[in-house]
Amino acid sequence: MPELPEVETVRRSLIKHLIGRTIEEVEVFLPKIIRYMEVAQFQESLKNQQFLAIERRGKYLLAHLSKGWTLVVHLGMTGRLYYLPVDKGQPLSSTSLPLTPSSLPLTKGSEAPRHVHAILSLDNGGSLVYHDYRQFGYLTLSRTNETMCLKGLKELGPEPLEDKFSLPVLQRGVQGRKAKIKQLLLDQRLVAGIGNIYADEILFTAGLHPERSGGSLTDAELKKLYRSIRYVLQKGIEFRGTSINDYVDGEGHPGEFQHHLQVYQRTGQACTRCSSVIQRVKVGGRSSHFCPQCQTEPAKI
DNA sequence: AATTGTACCTGTCAGC
DNA sequence: TGCTGACAGGTACAAT
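Each position in the first sequence, counted from 1, maps to that position plus 92 in the numbering used here.
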């Protein structure tokens with residue numbers, strides 16, 4: 093689920109609820125979702141710390157805390173991180189969490205609902221809930237000045253929406269590469285934050301077939317790809333992410349970008365641009381959706 | 001070094 | 001009404 097636009101939306105929606113709050117209690121119901129450290133140490137180190145800032149790097153959320161610690165969250169495929177106001181009993185909006193009926197209501201002392209793996213209780217009576225039915229996501233804690241040394245974070249390429257990600261940077265990452273462009277877009281070392289949905293949408297917008305090799309792209313195509321990366325990710329953020337099965341933001345609200353998808357999960361439907369039938373192929377083990385008319389064929393050599 | 005397959009999980013849906 | 005297999009937003013690691 094959570095690619096750059098979803099993680100960014102979670103970040104923005106959590107800020108107003110968390111900044112200035114202090115963590116009073118930490119419950120962990122599934123120890124394995126705490127990575128790289130002992131659960132007891134995770135719990136102890138979080139206690140009595142205040143949220144100072146929330147940052148995003150690629151698909152990682154970084155909550156900077158007082159005393160020089162940073163809470164690192166990766167949502168994997170199905171992770172949700174959301175704020176529940178006051179005493180766990182009252183969801184922020186009972187209609188806004190249609191996808192988590194099993195996680196509500198939370199009552200003190202009761203066993204955690206299925207798929208709720210951790211709860212941080214805050215000094216205002218609210219809580220920060222981590223929910224993840226496939227359990228691919230994780231939480232960890234690091235010293236703030238060492239966060240970028242963590243596995244996964246230290247290999248990340250540039251942020252696609254920042255100036256550091258320029259056309260020459262993309263060119264250098266792609267030119268001379270034999271790998272298919274779809275796989276290159278998913279490579280977090282090349283550029284951070286693109287996942288399967290946005291990769292397909294970016295390639296459609298750029299008019300590029302997912303199986304084109306990186307090295308086969310012309311300068312004009314690279315320029316179009318560069319602009320498409322920025323355009324599609326920005327649109328994803330504007331529409332607050334893509335909710336297909338279970339993504340919700342930090343307040344439990346689904347996004348709207350699923351209504352604007354051009355190819356992802358539209359196999360067999362008509363292309364919005366030319367009415368050709370959208371096709372699906374496997375590229376590097378991932379489903380890739382494309383329009384055979386609008387996205388130029390790979391070179392047949 | 002780069003690439004491929006597999007593992008980690010639960011849930012849904014189509015087909016028999 | 002089951003059962004089985006394919007598939008689902010992501011990464012990490014072993015084998016080639």
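Don't be surprised by glycine CBs; every beta carbon is placed ideally from N, CA and C. Keep in mind that this is a model prediction, so the values were computed, not measured.
Excluding the 5 residues preceding and the 5 following residue i in the sequence, name in chain order all residues of the same chain whose CB lies nearer than 7 angstroms to its CB.
{"i": "Glu95", "result": "Lys151, Gly285, Ile286, Gly287, Ile289 and Tyr290"}
{"i": "Glu234", "result": "Rather than Glu, the amino acid found at residue 234 in this sequence is Ser. Once the five neighbours on either side are set aside, the close Cβ partners of Ser234 are Thr162, Val164 and Leu242."}
{"i": "Pro123", "result": "Val131"}
{"i": "Met129", "result": "Thr232 and Leu233"}
{"i": "Glu348", "result": "Phe331 and Arg332"}
{"i": "Pro384", "result": "Ser368 and Gln371"}
{"i": "Cys363", "result": "Ile370, Cys383, Gln385 and Cys386"}
{"i": "Ala263", "result": "The displayed chain sequence assigns Gln, not Ala, to residue 263. Within the same chain, Gln263 has close Cβ partners Leu314."}
Let me know the secondary structure DSSP gives residue i once reduced to three states.
{"i": "Ser137", "result": "helix"}
{"i": "Arg148", "result": "strand"}
{"i": "Gly344", "result": "coil"}
{"i": "Ser158", "result": "helix"}
{"i": "Asp311", "result": "helix"}
{"i": "Tyr225", "result": "coil"}
{"i": "Leu317", "result": "helix"}
{"i": "Glu330", "result": "helix"}
{"i": "His352", "result": "helix"}
{"i": "Ile115", "result": "strand"}
{"i": "Ser305", "result": "strand"}
{"i": "Gln387", "result": "coil"}
{"i": "Arg172", "result": "strand"}
{"i": "Arg127", "result": "coil"}
{"i": "Ser368", "result": "coil"}
{"i": "Ala362", "result": "strand"}
{"i": "Val411", "result": "Residue 411 lies beyond the residue range present for the chain, which begins at 93 and ends at 393; the question has no answer from this structure."}
{"i": "Ala132", "result": "helix"}
{"i": "Ala210", "result": "strand"}
{"i": "Phe121", "result": "coil"}
Leaving out five residues before and five after residue i in sequence, what residues of the same chain have Cβ atoms less than 6 angstroms from its Cβ?
{"i": "Tyr174", "result": "Val221, Gly342 and Gly344"}
{"i": "Ile294", "result": "Ser320, Ile321 and Val324"}
{"i": "Glu247", "result": "Arg281"}
{"i": "Arg365", "result": "Cys386"}
{"i": "Gln127", "result": "According to the sequence as given, residue 127 is Arg; it is not Gln. Correct list, in chain order: Tyr230 and Thr232."}
{"i": "Ile329", "result": "Pro97 and Glu100"}
{"i": "Gln182", "result": "Note that Gln182 has pLDDT 44, beneath the 50 cutoff, so the model's placement of it is unreliable and the number below is only indicative. Contacts found: none."}
Between the Cα of residue i and the Cα atoms of the options, which residue gives the shortest distance?
{"i": "Ser258", "options": "Met240, Val283, Asp279 and Lys246", "result": "Val283"}
{"i": "Gln133", "options": "Gln142, Leu144 and Glu119", "result": "Glu119"}
{"i": "Lys327", "options": "Gln350, Ser305 and Asp311", "result": "Gln350"}
{"i": "Gly306", "options": "Asp292, Arg269 and Tyr230", "result": "Arg269"}
{"i": "Met169", "options": "Tyr230, Thr297 and Asp279", "result": "Tyr230"}
{"i": "Phe382", "options": "Val355, Ser158 and Gln141", "result": "Val355"}
{"i": "Glu116", "options": "Asp224, Val373, Leu138 and Thr236", "result": "Leu138"}
{"i": "Ser213", "options": "Gln135, Ser368 and Ser335", "result": "Gln135"}
{"i": "Pro337", "options": "Ala204, Phe143 and Asp224", "result": "Checking the sequence, you will find Asn at residue 337 rather than Pro. Answer by Cα proximity: Asp224."}
{"i": "Asp292", "options": "Gln263, Gln357 and Tyr339", "result": "Gln357"}
{"i": "Asn216", "options": "Phe228, Gln142 and Thr359", "result": "Gln142"}
{"i": "Glu147", "options": "Leu262, Glu251, Gln227 and Arg226", "result": "Glu251"}
{"i": "Gly249", "options": "Phe228, Leu278 and Leu353", "result": "Leu278"}
{"i": "Arg226", "options": "His166, Ser368, Val102 and Arg104", "result": "His166"}
{"i": "Arg304", "options": "Ser380, Gly171 and Gly160", "result": "Ser380"}
{"i": "Thr236", "options": "Leu353, Ile107, Leu154 and Val375", "result": "Leu154"}
Closer than 8 angstroms by C-beta to residue i: which residues in its own chain qualify, once you throw out the five before and the five after it? Chain order, please.
{"i": "Leu300", "result": "Ile273, Leu309, Glu313, Lys316, Leu317, Gln387 and Thr388"}
{"i": "Leu245", "result": "Arg149, Gly150, Tyr152, Val164 and Thr239"}
{"i": "Pro193", "result": "Confidence in Pro193 is poor, its pLDDT being 34 and thus under 50, which makes the residue's placement too unreliable to answer from."}
{"i": "Leu144", "result": "Ile111, His156, Leu157 and Ser158"}
{"i": "Ala204", "result": "Glu119, Phe121, Leu198 and Ile211"}
To the nearest whole angstrom, what separates the beta carbons of residue i and residue j, a pair I think is in contact under 8 angstroms?
{"i": "Ala210", "j": "Ile111", "result": "Actually they do not touch by this definition, with Cβ atoms about 20 angstroms apart."}
{"i": "Thr297", "j": "Glu98", "result": "Thr297 to Glu98, Cβ: 18 angstroms. No contact."}
{"i": "Val266", "j": "Leu253", "result": "In fact, because the Cβ distance is near 18 angstroms, the residues do not count as touching under 8 angstroms."}
Runs of beta strand (DSSP E) lying entirely within the region 230–292, each at least 3 residues, in chain order: Qualifying beta strand (DSSP E) stretches, in chain order: 230–235.
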